[in-house]
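Working notes, structure below.
Protein chains: 2
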Amino acid sequence: MTARPPGFIDAFTPSMLYAGDASGRPTYQFAYGCPRTALLPLEELKDALDRSLSAPLGRRLLQYGNLNGHPGLLEALVHRLRAWGLRNAAPETLLITCGSTQALDMVCRALGRPGGEAVTEAPGYPGFLGAAEVQGLSLLEVPLDGDGLDPERLEHCLASARERTGAVPSFVYLIPDYQNPAGVLLHPGRRQALVEVAARAGTVLVEDLTYHELRYDGPEAPPLGSLDPTNVVSLGSFSKTVCPGVRLGWICARRDLVLRLRRYGSLLGLSALLQEAVFLLIREGTYDAMLARYRRSYREQRDAMVEALSRHLGPGSGARFTRPQGGFFVWLELDPSLDADSLASRCERSGVYALPSRLFHPAGRPCPPGLRLAFCFEAKDRIAHGVEILARVLRGEARGAGRAAAG
Amino acid sequence: MTARPPGFIDAFTPSMLYAGDASGRPTYQFAYGCPRTALLPLEELKDALDRSLSAPLGRRLLQYGNLNGHPGLLEALVHRLRAWGLRNAAPETLLITCGSTQALDMVCRALGRPGGEAVTEAPGYPGFLGAAEVQGLSLLEVPLDGDGLDPERLEHCLASARERTGAVPSFVYLIPDYQNPAGVLLHPGRRQALVEVAARAGTVLVEDLTYHELRYDGPEAPPLGSLDPTNVVSLGSFSKTVCPGVRLGWICARRDLVLRLRRYGSLLGLSALLQEAVFLLIREGTYDAMLARYRRSYREQRDAMVEALSRHLGPGSGARFTRPQGGFFVWLELDPSLDADSLASRCERSGVYALPSRLFHPAGRPCPPGLRLAFCFEAKDRIAHGVEILARVLRGEARGAGRAAAG
Numbered sequence: 001m002t003a004r005p006p007g008f009i010d011a012f013t014p015s016m017l018y019a020g021d022a023s024g025r026p027t028y029q030f031a032y033g034c035p036r037t038a039l040l041p042l043e044e045l046k047d048a049l050d051r052s053l054s055a056p057l058g059r060r061l062l063q064y065g066n067l068n069g070h071p072g073l074l075e076a077l078v079h080r081l082r083a084w085g086l087r088n089a090a091p092e093t094l095l096i097t098c099g100s101t102q103a104l105d106m107v108c109r110a111l112g113r114p115g116g117e118a119v120t121e122a123p124g125y126p127g128f129l130g131a132a133e134v135q136g137l138s139l140l141e142v143p144l145d146g147d148g149l150d151p152e153r154l155e156h157c158l159a160s161a162r163e164r165t166g167a168v169p170s171f172v173y174l175i176p177d178y179q180n181p182a183g184v185l186l187h188p189g190r191r192q193a194l195v196e197v198a199a200r201a202g203t204v205l206v207e208d209l210t211y212h213e214l215r216y217d218g219p220e221a222p223p224l225g226s227l228d229p230t231n232v233v234s235l236g237s238f239s240k241t242v243c244p245g246v247r248l249g250w251i252c253a254r255r256d257l258v259l260r261l262r263r264y265g266s267l268l269g270l271s272a273l274l275q276e277a278v279f280l281l282i283r284e285g286t287y288d289a290m291l292a293r294y295r296r297s298y299r300e301q302r303d304a305m306v307e308a309l310s311r312h313l314g315p316g317s318g319a320r321f322t323r324p325q326g327g328f329f330v331w332l333e334l335d336p337s338l339d340a341d342s343l344a345s346r347c348e349r350s351g352v353y354a355l356p357s358r359l360f361h362p363a364g365r366p367c368p369p370g371l372r373l374a375f376c377f378e379a380k381d382r383i384a385h386g387v388e389i390l391a392r393v394l395r396g397e398a399r400g401a402g403r404a405a406a407g
Numbered sequence: 408m409t410a411r412p413p414g415f416i417d418a419f420t421p422s423m424l425y426a427g428d429a430s431g432r433p434t435y436q437f438a439y440g441c442p443r444t445a446l447l448p449l450e451e452l453k454d455a456l457d458r459s460l461s462a463p464l465g466r467r468l469l470q471y472g473n474l475n476g477h478p479g480l481l482e483a484l485v486h487r488l489r490a491w492g493l494r495n496a497a498p499e500t501l502l503i504t505c506g507s508t509q510a511l512d513m514v515c516r517a518l519g520r521p522g523g524e525a526v527t528e529a530p531g532y533p534g535f536l537g538a539a540e541v542q543g544l545s546l547l548e549v550p551l552d553g554d555g556l557d558p559e560r561l562e563h564c565l566a567s568a569r570e571r572t573g574a575v576p577s578f579v580y581l582i583p584d585y586q587n588p589a590g591v592l593l594h595p596g597r598r599q600a601l602v603e604v605a606a607r608a609g610t611v612l613v614e615d616l617t618y619h620e621l622r623y624d625g626p627e628a629p630p631l632g633s634l635d636p637t638n639v640v641s642l643g644s645f646s647k648t649v650c651p652g653v654r655l656g657w658i659c660a661r662r663d664l665v666l667r668l669r670r671y672g673s674l675l676g677l678s679a680l681l682q683e684a685v686f687l688l689i690r691e692g693t694y695d696a697m698l699a700r701y702r703r704s705y706r707e708q709r710d711a712m713v714e715a716l717s718r719h720l721g722p723g724s725g726a727r728f729t730r731p732q733g734g735f736f737v738w739l740e741l742d743p744s745l746d747a748d749s750l751a752s753r754c755e756r757s758g759v760y761a762l763p764s765r766l767f768h769p770a771g772r773p774c775p776p777g778l779r780l781a782f783c784f785e786a787k788d789r790i791a792h793g794v795e796i797l798a799r800v801l802r803g804e805a806r807g808a809g810r811a812a813a814g
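Protein chains in written order, with the working numbering: chain A, 1 to 407; chain B, 408 to 814.
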């Protein structure tokens, strides 16, 4: 299996987020799922860190942390996840991880086996695709529609895998809420059917709830883990709800899976200091206040992007896009005649950064042309302007493709 | 292969470090390699974190960090490692890791293959043994003597592995400076021979330099990576020289190995904030001042332990112990008639915590009885007292064994 193509995670450095291009022209960063920097809780975290270290036992936060996670943070998380409906959440069914990145690595190592199969949504999250490829898993893709993963399609995929190999894929990875990159919500009406399909086939569902709390409108939907706590592994991250810099995520699973997963975890624990700080933010209500601020801003940014896309890429542009009800991403489906890589390069030359569809599929797999547009990083005015430039490039590209087809 | 026996890392929680036993009797913690809490740089780190976040670009430290590591920390590390003699150290030959724990995990995944072989010192570091076992590596042990790993024994081990399996083990893991758990220094005169043995056999040496800067007396010795930068992977940690709570370590290797290793690393980077703080501590000289303070205190703690052992466990006790010139650990070799597990349990019932030799060998492997005694955590007076208790238990045990043999 070839490695992930470079250009997504491999090439990322934070300075990219802020650099203009060489000529000093402004750039528009729709490529990476980084929160808007101005929203990040600088004062809140500074204060929480300071109080953590100033407490009578503050010096102990500089020692090794607990292996499964900071007991206070675990308790706070239990409370929160139960409110989401994950009724089996308990300190002994939880692990704190180094972001969802480590959670995905642990899942691929503990549930998959090199050469074995797992299922991903298509388009899928590159962080998961990379973790699976590194572990030598062979990925089966199930295409998404506007309501997320279709239980019938999944059932068919699992059945034909069993027919072909004699074994059912080890697990199915999905992002039910505001999927990365497609931006779609798994329809609440599909959720029960989905957990039943997985249980019947004898495979585990791994749901990534990273965007669960970033709902801007539309229906509320229960985590899959609330429908079947024994057969669903739920995981998430504090990167989008606190900030990426805390590098904290979590996994919630039934006890025997937790014991398998933790063998691949951080044997000497994660930073007790950062965990204590996040624990204080949750306990004192700052976390909820931050979430409200994030939702307000991201909703506006989403509106700005969707409005600009509607204005500049009407019918006839050959493009269609999702209208996400939460999360960070809009997916732009391109006219099949277009080449997404070349379009992304042309956009970049015009100062607009977006990621082409190829990065959201297992390496070397054919895929329909599309672009992921992250509305999380830029302020709304800049989003409107960046989309205008992108649309101009896209219309030029579409005309070019039309000419090529006619010629 | 059976999993690591519980009781070492799996059972560790930081509260153990501080808890007296149920009756309120004081306990003596010689079990874990945790720095003495009173030495940890509380004010220094608090100040560095505060200044990091108060800087004009402080908010950016809450974003994702650079994937290979914080550029400033990488530069500071390059400077430092070159001063150690690792002349190939450069930002592109370095990776920042989540402690040496993640570095060991990456080494086992990138250099080993499930079912393949690797070599460890005996007794060996449980963090490495665990990482290797999780990855399915089969471990060959080479016993240490008072001068560390013997090049001839290593050569013999590699040759007989090749004879037996047709393949040379993927790599050799060793802690040349103040080995964990044995406390011995790899003799400077053995180092050149060792890198030649490995290069000739076609296997990689992985040296763990975690204790390199914690020298209290005795000769200075060059890292193996300074003798053969192409065939040695060097790694280390900031856990002992700053504090465990920063969860930062590093790997230095030739460029192609770095590219292999980073596939198994933290795809979305580690905390930029903690890296910035450690960078400031190094740049401003606080790191060196801290190191001087650590060396002074740990030397005294080492003296207290060695003196107490000499006083209470003279010839006739059946015990022999190392006199480490650096690092955190004394290794207590027990009379072959004794059972280390039962002795460690009896010590624990008397309030003294130490780890039995079984934990320093691959699971299920026979091993001579011994105890690892960490002198890093307790203050010198407490060390003297704890050793006195331990010696009393040990003498009782030795008499018991004598009686059993006689009976």
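Just so you know, even glycine gets a beta-carbon here, dropped at the ideal spot from N, CA and C.
Neighbour flag for residue i against chain B, beta carbons, 9 Å
i	result
P219(A)	no
A344(A)	no
C252(A)	no
D50(A)	yes
L73(A)	no
G7(A)	Reliability fails at G7(A), whose pLDDT of 41 lies under 50, so the model's placement of it is uncertain and the value that follows must be treated cautiously. No, its Cβ sits nowhere closer than 9 Å to a Cβ of chain B.
C376(A)	no
Y264(A)	yes
T2(A)	Legend: pLDDT at T2(A) = 38, less than 50; position of this residue unreliable, no value from coordinates given.
T37(A)	yes
G134(A)	The sequence shown places Val at residue 134(A), not Gly. Yes, because at least one Cβ of chain B sits closer than 9 Å to the Cβ of V134(A).
V393(A)	no
Proximity to residue i [Cα-Cα], best of the options
i	options	result
G265(A)	L547(B), A510(B), V549(B) and F782(B)	A510(B)
L362(B)	G758(B), E691(B), E707(B) and R730(B)	Because chain B is modelled from 408 through 814, residue 362(B) falls outside the range shown and cannot be assessed.
E378(A)	D50(A), A304(A) and G136(A)	A304(A)
G632(B)	R670(B), I582(B) and P651(B)	I582(B)
P244(A)	E220(A), T230(A), L334(A) and T101(A)	T101(A)
L355(A)	P368(A), D341(A), P366(A) and E141(A)	D341(A)
G370(A)	P362(A), R392(A), R358(A) and D381(A)	R358(A)
C347(A)	S237(A), L373(A), P366(A) and S271(A)	L373(A)
Reduced DSSP secondary structure (H/G/I, E/B, other) of residue i
i	result
E804(B)	helix
T444(B)	helix
A391(A)	helix
R87(A)	coil
D695(B)	helix
Y705(B)	helix
P776(B)	coil
E627(B)	coil
E755(B)	helix
P409(A)	Residue 409(A) falls outside the range modelled here, since chain A spans only 1 to 407, and no answer is possible.
Min CB distance residue i to chain A below 9 Å
i	result
D584(B)	no
R607(B)	no
V485(B)	no
Y439(B)	yes
Y471(B)	yes
G721(B)	no
S646(B)	yes
R654(B)	yes
CB contact check: residue i to chain C, cutoff 9 Å
i	result
V204(A)	In the structure shown, chain C does not exist; the protein chains are A and B.
Just checking, does the region 481–497 of chain B make contact with the region 518–533 of chain B on the three C-beta pairs under 8 Å criterion? No: the two stretches stay apart, fewer than three of their Cβ pairs being nearer than 8 Å.
I'd like to know if the region 269–278 of chain A and the region 61–74 of chain A are in contact, where contact means that at least 3 CB-CB pairs between them fall below 8 Å. Short answer: they touch.
At least 3 beta-carbon pairs within less than 8 Å: the region 571–582 of chain B vs the region 609–625 of chain B: Flag = yes, the region 571–582 of chain B and the region 609–625 of chain B touch.
Using 8 Å as the cut-off, can you tell me whether the region 657–668 of chain B makes contact with the region 522–535 of chain B, which would need three or more C-beta pairs spanning the two stretches below that distance? Judged by Cβ distances under 8 Å, the region 657–668 of chain B makes no contact with the region 522–535 of chain B, as fewer than three pairs qualify.
Report yes or no: do three or more beta-carbon pairs, one from the region 718–734 of chain B and one from the region 586–601 of chain B, lie closer than 8 Å? As far as the Cβ criterion goes, the region 718–734 of chain B touches the region 586–601 of chain B, which means the pair count is three or higher.
At which residue ranges does the region 137–203 of chain A contain complete beta strand (DSSP E) runs of 3 or more residues, listed in the order of the chain? Taking only runs of at least 3 residues, the beta strand (DSSP E) segments lying wholly in the region 137–203 of chain A are 138–143 and 171–174.
Closer than 8 Å is the cut-off here; do at least three beta carbon pairs connect the region 596–604 of chain B with the region 549–565 of chain B? Segments in contact, yes.
Check whether the region 621–635 of chain B touches the region 529–548 of chain B, counting contact only when three or more Cβ pairs, one atom from each stretch, lie closer than 8 Å. Taking 8 Å as the limit for Cβ pairs, the verdict is that the region 529–548 of chain B does not touch the region 621–635 of chain B.
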